[in-house]
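Worksheet: one structure, shown below.
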Amino acid sequence: MNRGLTQKLLVLAGLAGAVALAPVPAFAAEPSLTVNGSGGGISSGTQSLLNQARSAAQGATAGTGSTMYVDPASPVSAMPGYGALSAADQAFAQSMAYGYQLYKAMGGTNLDRQAVIQRKDGMFYVGLDGEGGRWFASPEQALSFLFNSLVAKDDKISSGTKKAVITCAQDILCAVLAMADELYKTIATVARGSTVDVTITGSGFSNVGGAPVVASGDGIVTLGVTYVSSEKLGAKLQVLPTATLGENMVGVFNAGKSYQNVGAYKIVVTDGGTAAAAAATESATKATATALATPATVTGKLLAGSAEQFYKITVNSAGTLTLASTGGVDVKGTLEDANGQVLATNEDGGTWYNFKLSRAVTPGTYYLRVGHCCGGTGAYQIT
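In the working numbering, the protein residues as written are -5 to 377.
This is how it looks when you write it as structure tokens:
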């Protein structure tokens, strides 16, 4: 079946391309997506990173040391010759590594450029790979310059946020706080690994045929949507540890199969100062199937276009088993018995392009097999 997979992915991601989003209507009120209960500021994890960066910088005493290259993709201890460096050089390198982590924690995405650093004659040099740097009178000023330079060169960060950071010149504390304030003031900001309730304000929302669909790119999962009025929705979003850092698009679509877009909103994903999580895995066989209780809701994720996931369902009494998917990924579901016999299959019987299937069952073990209709990827929920 070919229903224009490319078109769907472009619409869900909020991108302009071969197929454009439908025009967004004029709003009676200013359209917005806000995180409920968020007062701005920085997370405790980001605050901890900031403290560690400043503490490390204080250990970089004046003197002359080696020219060092700090790679944001590797631990600073993996730097060639790190063990032979002086304590002051190690502290200087560690402060720069924390600078990269701070930038990432605030939603920075440009993490492929090394920093070149050196202490010499009481001064501290820092420059980014491929462009010139500067000498500073203190390591904390050098740290702030690194952070500000990364922000200034990141095309995923808004001009308003860049301007707020640049005004802080050589003060890393000011720069981080300014960036946090600007992000929370102008756009919804969520951290990887968090689940948040949001309020979406706009116009043209409809609950005819069901609540509107709230969909985003890979890594942000909609766990539920509440229709309040034609101008307001509530939604619960789960931000996976693998969500794309920086700006993401969240689209609102009225129920039905016409892809009627009634709102597009920006949301910034930050690392939040947390450690990188392990990559998601597939439940690719019955032997590795995820247990699915009834009733229950579980979140899954297809990482490759040909991937499938299995869920194991243990039925203790005779009845009707109903299984349905939700979310913005076009998945199909197949119910099998313990011997692999197909009992039911469906693609579009649920809301939007989600599946829904029902089958009379007797006590025993059953498996739900989930795959994408057209070779795509993304997160979904099974109820």
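Beta carbons are placed, not taken as given, at the ideal position from N, Cα and C, and that holds for glycine. Nothing here was measured: the structure is a model prediction, and the numbers come from that model.
Just confirm the distance between the C-beta atoms of residue i and residue j, as a whole number of angstroms; I'd bet it's less than 8 angstroms.
i	j	result
GLY218	ALA229	7 angstroms
VAL263	GLY101	6 angstroms
ASN323	TYR374	With the sequence shown as reference, residue 323 is identified as Val, and Asn is not the correct amino acid for it. Yes, VAL323 and TYR374 are in contact; Cβ-Cβ is about 5 angstroms, under 8 angstroms.
GLY57	ARG113	6 angstroms
LEU329	ALA338	5 angstroms
GLY126	TYR119	In fact, because the Cβ distance is near 10 angstroms, the residues do not count as touching under 8 angstroms.
LEU96	PHE141	6 angstroms
Check each candidate in the options and name the one with the smallest Cα separation from residue i.
i	options	result
TYR94	GLY59, PHE139 and ASP83	PHE139
VAL222	THR236, ALA237 and ASN201	ASN201
LEU351	THR345, GLY127, ALA67 and ASN340	ASN340
LYS98	ASP265, ALA354, THR328 and TYR305	ASP265
LEU362	TYR305, SER319, MET243 and GLY121	TYR305
THR356	THR28, VAL325 and ILE307	ILE307
GLY240	VAL29, LEU105 and THR220	LEU105
MET117	PHE247, GLY313, ALA54 and GLN303	ALA54
GLY181	ILE151, ILE261, GLY39 and ASP123	Checking the sequence, you will find Ile at residue 181 rather than Gly. Nearest option by C-alpha distance: ILE261.
ASN333	LEU315, GLY358 and THR40	GLY358
ASN255	SER311, GLY196 and GLY343	GLY196
SER224	LEU234, PRO235, ALA237 and PRO206	PRO206
ALA51	GLN84, MET73 and ALA78	GLN84
THR377	LYS226, ALA81 and PHE349	PHE349
ARG48	LEU177, VAL364 and LEU167	LEU167
ALA287	GLN303, ARG107 and LEU315	LEU315
ALA72	SER152, ALA87, ILE151 and SER60	ALA87
ILE194	VAL208, ASP65 and ARG186	VAL208
THR236	VAL309, LEU227, GLY211 and PHE247	GLY211
LEU144	PRO133, PHE130, SER132 and MET173	MET173
LEU44	ALA81, GLU302, ALA91 and ASP123	ALA91
GLY257	LYS226, ARG353, GLY343 and THR238	LYS226
THR238	ASP123, VAL215 and GLY127	VAL215
ASN242	SER152, ASP123, GLY344 and ASP115	SER152
ALA131	GLN164, SER42 and SER188	GLN164
THR220	VAL192, GLN232 and LEU234	VAL192
GLY313	THR189, ALA354, CYS367 and GLY365	ALA354
GLY187	GLN232, ASP175 and MET62	GLN232
What span of residues does the alpha helix (DSSP H) with residue i cover, start to end?
i	result
GLN95	81 to 99
ALA223	It should be noted that the sequence gives Ser, not Ala, for residue 223. No alpha helix (DSSP H) contains SER223, which is instead part of the beta strand (DSSP E) from 214 to 223.
THR155	153 to 160
THR135	Note that residue 135 corresponds to Gln in the displayed sequence, not to Thr. Element bounds for GLN135: 133 to 146.
Can you look up residue i in the DSSP assignment and give me helix, strand or coil?
i	result
VAL323	coil
MET73	coil
LEU15	In this prediction, LEU15 scores a pLDDT of 36, lower than 50, which makes its location untrustworthy; no coordinate-derived value is stated.
GLN335	coil
GLU125	coil
THR236	coil
THR308	strand
VAL170	helix
ASP191	strand
LEU177	helix
SER60	coil
ALA22	Its pLDDT being 48, under 50, ALA22 is placed unreliably in this model, and the coordinates cannot settle the point.
ASN104	coil
THR345	coil
ASN242	strand
ALA378	No answer is possible for residue 378: the residues shown for the chain start at -5 and end at 377.
SER68	coil
ASN45	helix
ALA249	coil
ALA163	coil
GLY421	Since the first and last residues shown for the chain are -5 and 377, residue 421 lies out of range.
ALA301	coil
Starting from residue i, follow the beta strand (DSSP E) in both directions and report where the run begins and ends.
i	result
THR28	26 to 29
GLN377	Here the sequence assigns Thr to residue 377, which means Gln is not the residue at that position. Element bounds for THR377: n/a, residue is neither H nor E.
LEU286	No beta strand (DSSP E) contains LEU286, which DSSP labels as neither H nor E.
GLN112	109 to 114
ASN255	255 to 264
GLY365	358 to 366
SER200	Looking at the DSSP string, SER200 is not in any beta strand (DSSP E), and its letter there is neither H nor E.
ARG353	350 to 355
ALA185	182 to 185
GLY209	Checking the sequence, you will find Ala at residue 209 rather than Gly. ALA209 -> beta strand (DSSP E) spans 207 to 210.
Contact criterion: CB-CB distance below 9 angstroms. Does residue i meet it with respect to chain B?
i	result
SER80	Among the chains of the structure shown, chain B does not appear; only one protein chain is present.
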